[in-house]
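> In UniProt numbering, the protein residues as written are 1 to 628. Just so you know, even glycine gets a beta-carbon here, dropped at the ideal spot from N, CA and C. These figures come from a predicted structure and were not determined experimentally. Please see the structure below; I have some questions.
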């Protein structure tokens, strides 16, 4: 042990000669020096700033020394301490490495933890045989250690190698609840075995792919870089603060993807609000509130086109705000604004109706009756496009008002299933505005007969799109006469699905075919086959095998046909499908649901075959079994 020699004179002055009585041990001198205050040194500041306690270092050193002495002299506690300095120390240091005060505080903390809700929740996770008091103590001790772990920025000793390191938010816990240094964390991670990869159920990937194909989301082959980037932006939409200078076409695509994921909220809505833009398209507004609609109108004062779907929270004040600002809205497309009253609709048409060029309304059950429809027809004389679908309070009485819209070019109507429609009002519409119509869509007019076909044939000269669906009254003879000798140019879009007899007790149908059958299908393709791009004849089950062979015979070419739906055609087989591929070089999607005779087919690359069940599909040498 080092000793310090102090030279003192008779009066306390140094005399240059050592006096044995004045020799003190270094520890004793330090103990005396601690009795006097000392200035705060740079070392003390450094230790404090790095969370290093000098008292803790001293206590640890004393504890280690006591443990060494206890091992070297087991009976030391029974003998008289010979060193007065050791005698002056706290006996707790020699008797136990743990301070009784700390032990008591830890026991009190464990008792509090046992009475906490967190302890009850953790205990409830174990099985029913967990009822031992010792297990309770170990669980409470574990929670106590977790709460007392060093915080990021502090120093701690590694549980495995006892190396001192700085704790970070990424420090891993050891097997006994302590923390590990970087090296031990890496070793532990390398030792951990990765769990086996979760096996995907057979057909799951193909099923999702077919669902995307049916929705028009995924073409065959690799997606474009632009589409990939758009989807990646949609994946991290909640981390994006601004879209930047994106063109309207990309904003529209992002709106479609986010609407499909039900991710259009008040937070993401702000990304689409551009004061300089004149249109907004959001296809799922179910999570928006009334204030969000006010925000749209206030943030985009130059709006001329508003296309919002699932707008259930929309109420009268939104339209009042629109009228007070005298907004220049020309195209209004709303789906489901059920809380808007009839009085508000009428006021809107009277104040802004003269500006409307396009009006599309879907799914209204609480408002918009025949009187409101009459006000619309009177106050909106410049309407060029009108679409009304599933409006519960309108019926045949409102059809007469449509015949007064002399500027109308696009008409789409669909009443409810139980609405009994008559032929005469539709005949008046065709006679009045038929010559200027470019698109015509009449869905679920079940009782309308062949007279409507004749009026369309006589009065319509500029149609490019025709949809007549869900009718069981049209005859095949009437459809064949309709397309034969029609002076209208070739159609590009034709939808005649579900034109068939609905008597399920007679699957072959009556002697005179009801709906689209062989003659009508042949006449349609002769009239419009050269320019048709979209054709839907699903559920037209009376088209014969011979008619398909005639239409898609060797030498026939339909250069623009991209989409064809022939679902529920019981005669369609592999040969006819191959004939379709041969005659339609531009075909992209062929829908064949319930065409069970398609079993082994080779399709060209770039064509999506949708709806096959258990068929073997070959794509340029690649064979796969389709299970969807």
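For the candidate residues 189, 169, 164, 190, whose alpha-carbon lies nearest to that of residue 181?
Position 181 of the chain shown, counted from the start, is the residue given in the question as residue 181. Measuring from the Cα of residue 181, the nearest candidate turns out to be 164.
> Residue 266 and residue 288 - do their beta-carbons sit closer together than 8 Å?
Numbered from 1 along the chain shown, position 288 holds the residue referred to as residue 288. Numbered from 1 along the chain shown, position 266 holds the residue referred to as residue 266. Cβ atoms of residue 288 and residue 266: closer than 8 Å.
> Is residue 582 helix, strand or coil by DSSP?
Mapped onto the chain shown, residue 582 falls at position 582. Note: residue 582 maps to helix in three-state DSSP.
> Under the rule that 16 or more other beta-carbon atoms within 10 Å means buried, what is residue 255, buried or exposed?
Taking the first residue of the chain shown as position 1, residue 255 is located at position 255. Looking at its Cβ environment, which holds 16 or more other Cβ atoms inside 10 Å, residue 255 is buried.
> Going by CA-CA distance only, name the one from 548, 529, 465, 566 that's closest to residue 440.
Translated into the one-based positions of the chain shown, residue 440 becomes position 440. Comparing Cα-Cα distances from residue 440 to each of 548, 529, 465, 566, the minimum goes to 465.
> Could you tell me the alpha carbon to alpha carbon distance between residue 543 and residue 517, rounded to whole angstroms?
Taking the first residue of the chain shown as 1, we reach residue 543 at position 543. Taking the first residue of the chain shown as 1, we reach residue 517 at position 517. Taking the straight line from one Cα to the other gives about 4 Å.
> Please state the DSSP three-state secondary structure of residue 613.
By one-based count along the chain shown, residue 613 stands at place 613. Residue 613: coil per DSSP, three-state reduction.
> With distances taken between CB atoms, is the gap from residue 447 to residue 500 smaller than 8 Å?
Sequence index remark: in the chain shown, residue 447 carries index 447 (1-based). Sequence index remark: in the chain shown, residue 500 carries index 500 (1-based). For residue 447 and residue 500, no; Cβs fall outside 8 Å.
> Can the beta-carbon of residue 461 be found closer than 8 Å to that of residue 487?
As a working note, residue 461 is residue 461 in the chain shown. As a working note, residue 487 is residue 487 in the chain shown. In contact: residue 461 and residue 487 (Cβ atoms closer than 8 Å).
> Quick check on this structure: which residue in 108, 506, 380 has the alpha carbon closest to the alpha carbon of residue 356?
The residue labelled residue 356 in the question sits at position 356 within the chain shown. Looking at the Cα atoms, 380 is the closest of the given residues.
> Report the start-end ranges of each alpha helix (DSSP H) in the region 355-384 that is 4 residues or longer and not cut off at the edges.
Fully enclosed alpha helix (DSSP H) runs of 4 or longer: 370-379.
> Across which residues does DSSP place residue 443 in a beta bridge pair?
As a working mapping, residue 443 is identified with position 443 in the chain shown. Answer by DSSP bridge pairing, in chain order: 414, 469.
> Cβ of residue 237 within 8 Å of Cβ of residue 250?
As a first step, residue 237 must be located in the chain shown, where it is residue number 237. As a first step, residue 250 must be located in the chain shown, where it is residue number 250. Against a cut-off of 8 Å, the Cβ pair of residue 250 and residue 237 comes out as no contact.
> Return yes when at least one heavy atom of the ligand MG lies under 7 Å from the C-beta of residue 431, else no.
In terms of ligand content, the structure shown is empty, and the ligand MG therefore cannot be addressed.
> When you compare the CB positions of residue 565 and residue 537, do they come within less than 8 Å of one another, or not?
Along the chain shown, one-based indexing puts residue 565 at 565. Along the chain shown, one-based indexing puts residue 537 at 537. Yes, they are a contact pair.
> Is it buried or exposed, residue 301, if we count other Cβ atoms within 10 angstroms and call 16 or more buried?
Numbered from its first residue, the chain shown carries residue 301 at position 301. Under this definition residue 301 is an exposed residue.
> Ends of the alpha helix (DSSP H) at residue 523?
Reading the chain shown from its first residue, position 523 is the one you call residue 523. Its alpha helix (DSSP H) spans residues 518-528.
> Leaving out the 5 sequence neighbours to the left and right, which residues in its chain are closer than 6 Å to residue 395 when beta-carbon positions are compared?
Looking up residue 395 in the chain shown gives position 395. So the list reads 419, once near-sequence residues are dropped.
> Report the option in 312, 571, 529, 421 whose CA atom is closest to the CA atom of residue 556.
On the chain shown, residue 556 is found 556 positions in, with the first residue counted as 1. Selected option, being the one with the closest Cα: 529.
> Residue 413 and residue 453 look like a contact to me (Cβ under 8 Å); what is the Cβ gap, rounded to whole Å?
As a first step, residue 413 must be located in the chain shown, where it is residue number 413. As a first step, residue 453 must be located in the chain shown, where it is residue number 453. With a Cβ gap of about 16 Å, residue 413 and residue 453 do not count as contacting.
> How big is the Cα-Cα spacing for residue 24 and residue 120?
In the chain shown, counting from the first residue as 1, residue 24 sits at position 24. In the chain shown, counting from the first residue as 1, residue 120 sits at position 120. Note that residue 24 has pLDDT 42, beneath the 50 cutoff, so the model's placement of it is unreliable and the number below is only indicative. One C-alpha to the other measures close to 59 Å.
> If we ignore side chains and look at the alpha-carbon of each, how far apart do residue 278 and residue 305 end up?
Here residue 278 corresponds to residue number 278 of the chain shown, with the count starting at 1. Here residue 305 corresponds to residue number 305 of the chain shown, with the count starting at 1. Their Cα atoms are separated by approximately 6 Å.
> Could you check what DSSP says for residue 281 in three-state terms: helix, strand or coil?
The residue labelled residue 281 in the question sits at position 281 within the chain shown. Of the three classes helix, strand and coil, the one that applies to residue 281 here is strand, per DSSP.
> Look up residue 514 in the DSSP assignment and say whether it is helix, strand or coil.
On the chain shown, residue 514 is found 514 positions in, with the first residue counted as 1. Correct three-state label for residue 514: strand.
> Alpha carbons only, please: which of 226, 399, 348 is nearest the one belonging to residue 327?
Numbered from its first residue, the chain shown carries residue 327 at position 327. Of 226, 399, 348, the residue nearest in Cα terms is 348.
> With DSSP as the reference, label residue 160 as helix, strand or coil.
Counted from its first residue, the chain shown places residue 160 at position 160. Three-state result, residue 160: coil.
> Where does residue 457 fall in DSSP's three states?
On the chain shown, residue 457 is found 457 positions in, with the first residue counted as 1. Residue 457: helix per DSSP, three-state reduction.
> Does DSSP put residue 494 in a helix, in a strand, or in coil?
Numbered from 1 along the chain shown, position 494 holds the residue referred to as residue 494. Residue state, collapsed to three classes: strand.
> Count the other C-beta atoms from every protein chain shown that fall within 10 angstroms of the C-beta of residue 345, then say buried if there are 16 or more, exposed otherwise.
Position 345 of the chain shown, counted from the first residue, corresponds to residue 345. Its Cβ being crowded by 16 or more others within 10 Å, residue 345 is buried.
> Between residue 159 and residue 141, is the Cβ-Cβ spacing less than 8 Å?
Within the chain shown, residue 159 is the residue found at index 159, counting from 1. Within the chain shown, residue 141 is the residue found at index 141, counting from 1. The answer is no: Cβ separation not under 8 Å.
> Would you identify the three-state DSSP class for residue 286, choosing helix, strand or coil?
Here residue 286 corresponds to residue number 286 of the chain shown, with the count starting at 1. Reduced to three states, the DSSP call for residue 286 is coil.
> Compare the C-alpha of residue 168 against each of 572, 150, 176 and name the closest.
Counting from one through the chain shown, the residue named residue 168 turns up at place 168. Residue 168 has its Cα closest to that of 150, out of 572, 150, 176.
> Run through the DSSP bridge pairs and tell me what residue 590 is partnered with.
As a first step, residue 590 is located in the chain shown; it is residue number 590 there, counting from the start. In DSSP, residue 590 forms a bridge with 564, 609.
> Can you list, in chain order, the residues of its chain with a C-beta nearer than 6 Å to that of residue 86? Leave out the 5 residues immediately preceding and following it.
The count along the chain shown starts at 1 and reaches residue 86 at position 86. At residue 86 the pLDDT is 41, less than 50, meaning the model places this residue with poor confidence; the figure from the coordinates comes in the next sentence. So no residue of the chain qualifies.
> Strictly by DSSP, which residues pair up with residue 165?
Within the chain shown, residue 165 is the residue found at index 165, counting from 1. Partner(s): 156.
> Around the Cβ of residue 457, are there at least 16 other Cβ atoms within 10 angstroms (buried) or fewer (exposed)?
If you number the chain shown from 1, residue 457 lands on position 457. It is buried - the Cβ of residue 457 has at least 16 other Cβ atoms within 10 Å.
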